[in-house]
Structures are given as structure tokens and as C-alpha cells.
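What follows is a set of notes on a single structure, which appears directly below.
There are 2 protein chains.
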Amino acid sequence: MTHRVINFYAGPAGLPLPALERAQQELLDFAGTGMSVMEVSHRSKEYDAVHEEALALTRELMGLPDNYKVLLLQGGAHLSFGMIPLNLLRGGRKADYIVTGNWAEKATKEAKLVAGDHVRVAASTKDEKFARLPKASELKIGEDSAFVHFTSNNTVEGTQWKEFPKTDKPYVCDMSSDIMWRPFDVSQFGLIYAGAQKNLGPSGVTLTIIREDFLEMCEASDLPSYLRYKLHAEKNSLYNTPPTFGIYILRNVLAYNKSIGGLKAIETANRKKGELLYGCIDRHAGFYKGFVTEKADRSLMNVDFFLPTPELDDTFVKEAKKAGMVGLKGYRDIGGIRVSTYNAVSVQDVETLVGFMDEFVRRNG
Amino acid sequence: MTHRVINFYAGPAGLPLPALERAQQELLDFAGTGMSVMEVSHRSKEYDAVHEEALALTRELMGLPDNYKVLLLQGGAHLSFGMIPLNLLRGGRKADYIVTGNWAEKATKEAKLVAGDHVRVAASTKDEKFARLPKASELKIGEDSAFVHFTSNNTVEGTQWKEFPKTDKPYVCDMSSDIMWRPFDVSQFGLIYAGAQKNLGPSGVTLTIIREDFLEMCEASDLPSYLRYKLHAEKNSLYNTPPTFGIYILRNVLAYNKSIGGLKAIETANRKKGELLYGCIDRHAGFYKGFVTEKADRSLMNVDFFLPTPELDDTFVKEAKKAGMVGLKGYRDIGGIRVSTYNAVSVQDVETLVGFMDEFVRRNG
Numbered sequence: 001m002t003h004r005v006i007n008f009y010a011g012p013a014g015l016p017l018p019a020l021e022r023a024q025q026e027l028l029d030f031a032g033t034g035m036s037v038m039e040v041s042h043r044s045k046e047y048d049a050v051h052e053e054a055l056a057l058t059r060e061l062m063g064l065p066d067n068y069k070v071l072l073l074q075g076g077a078h079l080s081f082g083m084i085p086l087n088l089l090r091g092g093r094k095a096d097y098i099v100t101g102n103w104a105e106k107a108t109k110e111a112k113l114v115a116g117d118h119v120r121v122a123a124s125t126k127d128e129k130f131a132r133l134p135k136a137s138e139l140k141i142g143e144d145s146a147f148v149h150f151t152s153n154n155t156v157e158g159t160q161w162k163e164f165p166k167t168d169k170p171y172v173c174d175m176s177s178d179i180m181w182r183p184f185d186v187s188q189f190g191l192i193y194a195g196a197q198k199n200l201g202p203s204g205v206t207l208t209i210i211r212e213d214f215l216e217m218c219e220a221s222d223l224p225s226y227l228r229y230k231l232h233a234e235k236n237s238l239y240n241t242p243p244t245f246g247i248y249i250l251r252n253v254l255a256y257n258k259s260i261g262g263l264k265a266i267e268t269a270n271r272k273k274g275e276l277l278y279g280c281i282d283r284h285a286g287f288y289k290g291f292v293t294e295k296a297d298r299s300l301m302n303v304d305f306f307l308p309t310p311e312l313d314d315t316f317v318k319e320a321k322k323a324g325m326v327g328l329k330g331y332r333d334i335g336g337i338r339v340s341t342y343n344a345v346s347v348q349d350v351e352t353l354v355g356f357m358d359e360f361v362r363r364n365g
Numbered sequence: 001m002t003h004r005v006i007n008f009y010a011g012p013a014g015l016p017l018p019a020l021e022r023a024q025q026e027l028l029d030f031a032g033t034g035m036s037v038m039e040v041s042h043r044s045k046e047y048d049a050v051h052e053e054a055l056a057l058t059r060e061l062m063g064l065p066d067n068y069k070v071l072l073l074q075g076g077a078h079l080s081f082g083m084i085p086l087n088l089l090r091g092g093r094k095a096d097y098i099v100t101g102n103w104a105e106k107a108t109k110e111a112k113l114v115a116g117d118h119v120r121v122a123a124s125t126k127d128e129k130f131a132r133l134p135k136a137s138e139l140k141i142g143e144d145s146a147f148v149h150f151t152s153n154n155t156v157e158g159t160q161w162k163e164f165p166k167t168d169k170p171y172v173c174d175m176s177s178d179i180m181w182r183p184f185d186v187s188q189f190g191l192i193y194a195g196a197q198k199n200l201g202p203s204g205v206t207l208t209i210i211r212e213d214f215l216e217m218c219e220a221s222d223l224p225s226y227l228r229y230k231l232h233a234e235k236n237s238l239y240n241t242p243p244t245f246g247i248y249i250l251r252n253v254l255a256y257n258k259s260i261g262g263l264k265a266i267e268t269a270n271r272k273k274g275e276l277l278y279g280c281i282d283r284h285a286g287f288y289k290g291f292v293t294e295k296a297d298r299s300l301m302n303v304d305f306f307l308p309t310p311e312l313d314d315t316f317v318k319e320a321k322k323a324g325m326v327g328l329k330g331y332r333d334i335g336g337i338r339v340s341t342y343n344a345v346s347v348q349d350v351e352t353l354v355g356f357m358d359e360f361v362r363r364n365g
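Order-wise, the sequence lines are chains A and B.
Final position of the first sequence in this note's numbering is 365; the numbers increase by one with none missing.
Final position of the second sequence in this note's numbering is 365; the numbers increase by one with none missing.
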């Protein structure tokens, strides 16, 4: 039997075992071709079937209306940080960015590099170490705003917009760390982007979903081709050679997600995992101390907490590793413990961790 | 026994079987971690060992001096087409581009988008359908040129610079389709870039090699971070999450290449493959007609030829497929047959094809 651990890494992160087993089985002979999927031309009918299935499963699982295009790009959220203002903030357009954490701050900084003061900060909770999300009353959004950018889940700080920011402007959203954690209404979103390596697949694929009116805003024919959303949309993400193996794994993950009941079933599991984990933290509130100050803002994807001392944090990480659970060390700027509970982490995995946490209090509390 | 075909695709293309078998074996449990390499943090010591080994093997196999940095990026040659002028053609710098084929033309067009008439055409053989390379006497290279850009192997047309262009200016070179086909002296190269999906690994990784003085030319702190060579160099290609699985396969391919004797042994095999294939074409010169007009320019990576009629081209592709050889259909703009014989194609594979070609003449000639 293959040795497998419980994987709480923040990304790249665990993937559903059946999606990997499928890849392993056909790694040398994909779809009867006598080749690995890595070795097949991106113009072949065998690869094309994978590409189309990945796109179709994205549409189906997310319930995307016809006026959205799905793109499969490279460069992660970082390249998207630049592509967004390069494509969308032309001709004097302005946008408001909500700064809620490490990644939101990077997105804002990169957009300012391109678009200067046409990129405005709608709100920031940096003074409070991003330990909560801004309230509706704190958002300053210009009447002339082309879009409001936000980060749906803050991987480092462990906050998540379970209700999206209150505004009538279209959203542009970095969903890298919580895309497809549940069904949601996309109609207010002009653009969604997500590095695959948390909830969807391996690193090296950036799922991008763009509404037609946002595509039309991209008058970017003077940009290098790779940076143009419109060109990728026109060529169905085959303008250049796509990251074929990454897209193949994405397809496997999405097909598995569909087989277990789609995003509704995944949401049920994610909510259960959150109840278990936050329930444990709150039950031992004198021992485990959450980083996030507002319970409503607590993320169901990344759960940050501290033990009474940094030494106990270290012991916790080490003992958990011995018990077969990895990836629990907190992000360097925050410290403590971070439990990342993306879609591929099962309720049973979290039950195992919670059992360990209860026991850890008994021995050290 | 696993079903495998002989793969003559132009890219993505065949990979060494031992590199894939290694991946298959540890796909669910990499380096004893109990995780796939896809599931491991890019900041973990296990992934870091792969990353460092891929970099070190590149240095070792290519014999790179200390004043070169190796980068592992995304976006393929297409993104590099834009990054090169964005980083290097600042402050009034000019460059000369040699236009020798479909890809060289794209590189030039993208550079002109960014740098306008600071990008000049040193020579073009477009009027001759790129069926030969320009001669030294045809190159117009400005005294004020910061670099000469060329495409070392023209994948579509089947020409290859076995002797590099005659100039005393530094080279910037797209080596996507022939990197590591042999040892060579890199000292005149300021920058080399190569999409991995032909000679090195899966699509989604762009190997980039940059000389220190070229890094210093990159005063690009106003560019989105992902587009800055200097930042990637400073962060050892870990500024953002790299395409970890692609880099892992690259590592497997390079380790295999080292095990079989490195680039010297690979060159010997590539030259033998060329002799066999061009020998067959020349032996049946009344039947097989090469696309390239100058024998000295013939590529050892992509071999383009025509049969007497387009119908025979089709029959050839179909019968070859039945005989277990795929990827032989010529590029859409040229037609005929294209045999891509990258490093992973063995001498024996080419012997099989040549046997088929001889037999095909006997039956149809």
C-alpha cells in the first residue's frame, strides 16, 4: 500500500487521490495513444478532448452563464496581477482595490506599477495586521470605478469573504485559494483568476474566467500577445502551447469533484471541516488562540491559530508530523499554526487533526 | 507491457521513457513524503532539492560559466518574446533580429510591439519561404546593436544554425527546439530561452539562461514583477510558485541525459539520426523532396520533405501510423511530412522510420 500523509500545505497542496491515481495509471499510455499526455501535441484530438473537458467541467461545476469565457493561462496570480491593469485599466479607467492581506497588497502594488493613481485603495485593514475584513461602511468606492478588486480568501491571514463586498460595481477577484469551495452567483464578477495549486490542480495553470463586456474592455493590441486576454479568448487558450499536463490534472480533479456531487457536496464538507476545526479552537480558547478577530470573517480554507508559546507551536508541528500530518507551520510573517483545508482535505482528515489537537491540550494545557 | 508508439511530434514531443517511469513510480509518494511532487509546497526541502538539481544539471550538462544565471519560468517562448524587449530594450537600446522562419517572425513582431523601430531586421529569407538561412554576407547588424536575436532551430521550416550567425555582438536566442542537442560554447550568448516541450520536458516550463551583464541591463522595476528577469534571478526562480511538476520532469530528463553520457553522447546520436534520415531522402531524391534548399542549413531536429503528391503525403502519414509512428504530418503552412527527431527520439526509432521510407518507395515509387 502506498504511503500517504494528511496534507495541510497552503499550496501547492493536496489533490484528490483518485485524480492522481488516474494520472499514474495512464502516465505512459494516455487514452490509448501509446504516449504520455505530456508527449502529445497540443493540436492533437486526444489532447483537445482533455482541454475541452476541463473547460466544460469548469462551466458546469460553477454554473457559468454563456457570457463568460474560461481561459487556461500560465504565470499564476502574479502574472495576472499585471495583466489585469495592462488589459483593463486603459483609456483613463480607474479601479478600487480592497487590501485585506499579503496577496491583496501584492495585487494592489502591481496594479499601481502599471496604472499609477488610477488604482485606488477602497479599504485596508493593514493597521490591524489584516486580522479581519473591512466592513461595508469602511469601503470607499468611486462612482467612476471600472471594477472593485478583492481577494476572496486571504491565504496568509485566514480570512474569507463569505458574503462578497457590498458595492454595485463589477468585481475582479483573486480566487486562488478558495475557487470552487462552494457554488456562488458569478453574475457580478467581471473577471476571476486563480492559480490552480490550492483548490484545483498543480502549479503552472491559472484558471481565468472573464465576462464578455470585460473582454471587450481589453483594447490591448499593443501589448505582447501572451499578455492579452482577448487573444487567449479568441484562440480558446490555444494561441500558444498551454501547460498540457497541468490542464490534464485539472480535468481529473474537476471530473472527480463532479463525481462526488459537485460544489454543493464540496461546500457541505468544507462547512463541516470548519465547524470541527473552529469548534476545537473555541472549545480550548484558553490554549488555542485564533488569529482572526471577527468570527464571521474566519476562512474555511486556511485556519490560523497560536498555541500559548512559540515553543509549543513548534512541538505541535513536530508531533503532528510524527502522527502523519504535514504542512502545519504558520506563514513566516505570522507564525503559529496554519491549517489549510482545501477541497481535497477530507472531513476525516480534519477529524484526525482535531483528535490530535484535543489530545495535545490534555498533555500540554 | 505498456503500449508505446514512436513519437515524431514537433512539440509537445516524446520524452525519455526512464524519466517518465520514474515519475510514474513515485507519482503518489515522492521522495518518501507520502505526497505527490505536485502536492508538496514549493518552499519544502523536498521540492527545493528537485529545483536545485534541475538548475545544477542544466549548468553541468551545458557547461555554463559562473557568470550565467539559470531561470525556470512560465509562458513559453511567447511570453519571452515580450519579456526580452521589455527588459532589455530600455533607454534607447537597439537590437537586430534575424528572421528565418515562423517563430523568428513572431519574436520580431512581438519585440516591435514593445520597442518599435529600435527592433531592426538584420536579414530575412521570407521571400524564399524561409527554405534556407541567411548567409553571413546578408546580415545587416548595426554598430549600435545591443544584441542579435536569432532562432537556433526553425521548427516549422527545418533549418538550423549549426554555426551561429557571424557577428561580434552578443546573441539573444530562442533555442526552444534544439537546446541541449549538443555541447556548445555559450560565451557569446547574453540570453537563451527555451520552452521545455521539445527537448527538455513538458510544456509550461521555460528554461532561461542569462548572462550577468544582461541581467544588469534589466532596469525594469516599473514592470509587473512576473515580467522582470532580475527579480526571478534574485529569488532563484522562487519569487512566485514555479511550475513544480514540470520542473520535476525536467530534472528527470536532465538526470537521464547525464546518465547516458551527457550532450556529447546526445550529439553523436543526433548526428547519426540526421545521416540516416537525410541519407534516405537523398537516396530517393526522385521521390522524397526536402523543403530546405541548402544542405548545410538542414536541421537535425525537424526534417521537412514532400512526397510526389499531397495524396501520397497523406498515405505516408496513415501507413506510418499503422506501423506505430505518429506525429509525421507537416506543419499546416508547408504541408508534406515533418519528422521531429528531438533528443528523446532514438537512433533505432529513426532506423525504423527509414526502413518504412525505403519500403514506401518500393511500393509507391
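Backbone N, C-alpha and C define an ideal beta-carbon position, used for all residues, glycine too.
Apart from the 5 residues on each side of it in sequence, residue 28/B sits with its Cβ closer than 7 Å to the Cβ of 36 in its chain, given in chain order.
Residue contact with chain B for residue 277/A: absent (no Cβ-Cβ distance below 9 Å to any residue of chain B).
One Cα belongs to residue 53/A, the other to residue 65/A, and the distance between them is close to 17 Å.
Put simply, the backbone Cα of residue 158/B is about 50 Å away from that of residue 326/A. In the three-state reduction of the DSSP assignment, residue 179/A falls in the coil class. The residue among 50/A, 151/A, 339/A and 84/A with its C-alpha nearest the C-alpha of residue 125/A is 151/A.
Chain-order list of chain B residues neighbouring residue 104/A: empty, with the shortest C-beta distance near 15 Å, by a criterion of under 7 Å. Here residue 308/B is exposed, its C-beta having fewer than 16 other C-beta atoms within 10 Å. Within 9 Å of the CB of residue 4/A, the CB atoms of chain B belong to 28, 29, 34 and 35, in sequence order along the chain.
Approximately 6 Å separates the beta-carbon atoms of residue 255/B and residue 57/B; this is inside 8 Å, confirming the contact. Only those residues of the segment 321-342 of chain B whose C-beta falls short of 7 Å from the nearest C-beta of chain A are listed: 327.
The C-beta separation of residue 155/B from residue 10/B comes to about 6 Å, placing the pair in contact by the 8 Å criterion. Residue pairing for residue 302/A: DSSP places it in a beta bridge opposite 340/A. Within chain A, 41 and 241 have C-beta atoms less than 8 Å from the C-beta of residue 11/B, given in sequence order. Contact note: residue 7/A reaches chain B through 35 and 39, using a C-beta cutoff of 7 Å and chain order.
The C-beta of residue 244/A comes closer than 9 Å to at least one C-beta of chain B. With contacts defined by Cβ atoms closer than 9 Å, residue 96/A and residue 169/A form a contacting pair. Ranked by Cα distance from residue 361/B, the first of 116/B, 319/B, 257/B and 194/B is 319/B. DSSP assignment within the segment 131-184 of chain A yields the following whole beta strand (DSSP E) runs of 3 residues or more, N-terminal first: 145-151 and 171-174. Beta-bridge partners of residue 325/A (DSSP): 6/A. At a cut-off of 9 Å between C-beta atoms, residue 134/B does not count as an interface residue with respect to chain A. With a cut-off of 8 Å on Cβ pairs, the segment 211-225 of chain B is in contact with the segment 182-191 of chain B, counting three or more such pairs. The beta carbons of residue 59/A and residue 70/A sit closer together than 9 Å. Judged by their CB atoms, residue 293/B and residue 163/B are not nearer to each other than the 9 Å cut-off. A Cβ of chain A is located within less than 9 Å of the beta carbon of residue 83/B. Residue 207/B carries a strand assignment under DSSP once its states are collapsed to helix, strand and coil.
The Cβ neighbour count for residue 341/A, taken over all protein chains shown within 10 Å, is at least 16; the residue is labelled buried. The C-beta of residue 205/B comes closer than 9 Å to at least one C-beta of chain A. Going by C-alpha positions, residue 84/A is about 48 Å away from residue 365/A. Beta-bridge partners assigned by DSSP to residue 120/A: 96/A. Taking 9 Å as the cut-off, the beta carbon of residue 74/B is found no closer than this to the beta carbon of residue 298/B. With its beta carbon at least 9 Å from every one in chain B, residue 68/A lies outside the interface.
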